[in-house]
Amino acid sequence: HFSDRRDHVLAVRFSNFRDRDRSRWLADNEADVPGFLARLVESSAGVDFSARNIRGNTIHQMLFVVPLAFAVLHFFMFLFYRELRGNLYYALFAASMSLLIYAPFQAGRAADPDTHWYYGQLSEAASILTLLSSLRFLHHELLGRSPRFYRWLVAISLLALACCWVIPMNYVYIFYAVALFPEVVRVTFTGVREQVVGARIIALGWLSFVAGCGLQ
69 HFSDRRDHVL AVRFSNFRDR DRSRWLADNE ADVPGFLARL VESSAGVDFS ARNIRGNTIH
129 QMLFVVPLAF AVLHFFMFLF YRELRGNLYY ALFAASMSLL IYAPFQAGRA ADPDTHWYYG
189 QLSEAASILT LLSSLRFLHH ELLGRSPRFY RWLVAISLLA LACCWVIPMN YVYIFYAVAL
249 FPEVVRVTFT GVREQVVGAR IIALGWLSFV AGCGLQ
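In my numbering, the protein residues as written are 69 to 284.
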C-alpha cells in the first residue's frame with residue numbers, strides 16, 4: 069500500500085561475488101546468471117499470477133516422473149532378460165530425459181548461487197546424455213550396431229562434460245542437436261524403409277518428440 073505521494077523509492081541491493089567468475093561466459097544469456105526476480109503489480113494481479121505460476125510449475129515438474137517410470141521399467145526388463153540390450157539403451161535415454169526435465173526446474177528456483185550452478189550444470193549434462201543415449205538406442209534397434217564415428221562422439225562428449233566449468237555448454241548442446249538430427253533422421257528412415265520391426269512406432273515417437281520441442 070502506497071501513500072498519496074507522487075514519488076516512491078524502492079531500493080534493492082544485490083551482492084554475489086562468489087558467482088562472478090562463473091558467470092563471465094554467461095554474459096550473452098543473462099537469464100542464466102543467478103540473481104533475483106522482481107515484479108511490481110496490483111495485489112489482485114499478483115495473487116492471480118502466483119496461482120497460475122504454481123499450477124503450471126507443478127504440472128511441469130510432474131512430467132519428469134513419466135520418463136523416469138519408463139527408465140525403471142526398461143532397466144528391470146534388461147536385468148531379467150539381458151539379451152535385449154535395447155532395453156538398457158532406452159532406460160538410459162528415458163533417465164536422461166527425466167533429468168533434463170527435472171534439473172532446469174530446480175535451477176530456476178534455487179535459493180543460492182551454488183545450488184543454481186549445480187542444477188544448471190546437471191541440466192546441460194543431461195542434454196548431452198539424452199542425445200547420445202537416444203542415438204545409441206536408434207542404432208541398436210534399427211541398424212543392429214553403431215557406426216565407428218559414434219565412439220568419437222562419446223569421447224568428445226565426455227571431454228565436454230569434464231570441461232563444463234569453462235565451456236559454455238548451451239552452445240555445445242546446440243551444436244550436438246544440429247549435428248545429430250540428420251543422423252537421427254537417416255537411421256529412422258532406414259529402419260522404416262527396410263521394414264524393421266517397431267521402426268514405424270519409433271519414427272512416430274520421434275516426430276511427436278520433435279514437435280513437442282518445437283512447440284515448447
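Where a beta carbon is used, it is the ideal one built from N, C-alpha and C, also for glycine.
Run of the alpha helix (DSSP H) containing residue i, from where it starts to where it stops
i, result
"serine 202", "181 to 206"
"tyrosine 218", "217 to 230"
Backbone secondary structure at residue i - three-state DSSP
i, result
"tyrosine 158", "helix"
"valine 252", "helix"
"glutamine 129", "helix"
"leucine 272", "helix"
"arginine 120", "helix"
"glycine 259", "helix"
"isoleucine 169", "helix"
"serine 111", "helix"
"asparagine 97", "The pLDDT assigned to asparagine 97 is 46, lower than 50, so where the model puts this residue is not dependable; a value taken from the coordinates is nonetheless given after this. Asparagine 97 falls in the coil class under three-state DSSP."
"serine 164", "helix"
"glycine 176", "helix"
"histidine 76", "coil"
"leucine 211", "helix"
"leucine 105", "coil"
"leucine 136", "helix"
"valine 246", "helix"
"phenylalanine 82", "coil"
"leucine 152", "coil"
CA nearest to the CA of residue i, picked from the options
i, options, result
"proline 215", "Ile122, Arg120, Asp75 and Val252", "Val252"
"aspartate 180", "Ser83, Ser71 and Leu227", "Ser83"
"phenylalanine 173", "Ser164, Phe161 and Tyr187", "Tyr187"
"glycine 212", "Val109, Ala267, Met145 and Trp185", "Ala267"
"tyrosine 218", "Arg74, Leu248 and Ala230", "Leu248"
"arginine 153", "Ala230, Ala79 and His207", "His207"
"leucine 229", "Ile242, Leu190, Arg177 and Trp220", "Leu190"
"alanine 194", "Trp185, Val265, Trp220 and Ala163", "Ala163"
Residue i to residue j span [Cα, whole Å]
i, j, result
"phenylalanine 143", "valine 255", "24 Å"
"asparagine 155", "valine 115", "46 Å"
"proline 135", "serine 202", "13 Å"
"phenylalanine 148", "leucine 141", "11 Å"
"valine 260", "glutamate 209", "12 Å"
"aspartate 72", "alanine 119", "30 Å"
"alanine 175", "valine 222", "26 Å"
"alanine 113", "phenylalanine 132", "30 Å"
"phenylalanine 117", "glycine 124", "10 Å"
"arginine 107", "tryptophan 274", "39 Å"
"leucine 200", "leucine 160", "9 Å"
"isoleucine 269", "alanine 245", "22 Å"
"alanine 271", "methionine 130", "26 Å"
"alanine 137", "glutamine 263", "29 Å"
"leucine 105", "glutamate 151", "51 Å"
"alanine 178", "histidine 184", "5 Å"
"asparagine 121", "tyrosine 170", "17 Å"
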